[in-house]
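Using the working numbering, the letters of the sequence shown correspond one by one to residues 1 to 160. Idealized CB from N, CA, C, for every residue including glycine.
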Amino acid sequence: MILNRIVSLLVAACVFVFSALISWYEGSQLLDIPWEWKHTAVFSSWLIGEVTSSKDILAIDHFIYAAKFEPLFPFLMASSAIVILFLLASWLFKNKNKGMKRFSLLMSLVFFCISAFLSDSPTAGLGFFATYFGLLGIISVFSVIVPCAKEKSMAGKLLR
1 MILNRIVSLL VAACVFVFSA LISWYEGSQL LDIPWEWKHT AVFSSWLIGE VTSSKDILAI
61 DHFIYAAKFE PLFPFLMASS AIVILFLLAS WLFKNKNKGM KRFSLLMSLV FFCISAFLSD
121 SPTAGLGFFA TYFGLLGIIS VFSVIVPCAK EKSMAGKLLR
């Protein structure tokens with residue numbers, strides 16, 4: 001059982017690293033497209049101010065560009081990061097059902113916030129991510145509600 005969890009964590013970590021490197025490479029196209037800096041170099045604008053040359057662009061903005069225009073590897077990166085988070089949470093809350101439920105509800109709130117933040121993007125890539133995170137939020141909520149409903153129905157049957 002523990003070997004399965006370790007293998008799952010290692011596979012997810014390898015997918016994360018591989019997809020992060022590919023996303024970073026794909027996003028480096030941003031350096032050659034100055035008209036896109038205003039709309040995509042968000043973190044550089046926040047931290048540095050106006051982006052006037054490609055040297056001003058931070059590495060995290062490469063991931064934003066990749067998510068907007070080449071979303072496959074950023075999708076794999078985000079998915080593997082979420083798998084890693086939930087695997088670590090399941091280890092942390094191993095025999096604590098309430099802790100895992102709270103974690104799932106917190107993550108659903110995070111997913112809904114990310115989805116709302118990305119929902120007005122004009123690009124197909126970020127629109128896809130908005131839908132993806134919205135669906136993850138719904139799944140996270142249902143992963144808490146359905147077991148609670150089953151527990152209550154079982155408790156009702158036992159009382160009869």
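It is roughly 22 Å from the alpha-carbon of T52 to the alpha-carbon of F69. Counting only residues of its own chain and dropping the five nearest sequence neighbours on each side, A13 has a CB closer than 8 Å to the CB of S80 and I84.
Per DSSP, the unbroken alpha helix (DSSP H) holding A81 starts and ends at L72 to L92. Shown here, L58 sits in coil according to DSSP, grouped into three states, outside any helix or strand.
The straight-line gap separating the alpha-carbon atoms of G99 and F111 is approximately 18 Å.
When secondary structure is reduced to three states using DSSP, G49 falls in the coil class, being assigned neither helix nor strand. Residue environment: Y25 is assigned as exposed (fewer than 16 neighbouring CB atoms within 10 Å of its CB, all protein chains considered). Boundaries for L31: no alpha helix (DSSP H) harbours it, and the DSSP string shows neither H nor E there. Taking C-alpha positions only, S143 is separated from A89 by approximately 14 Å.
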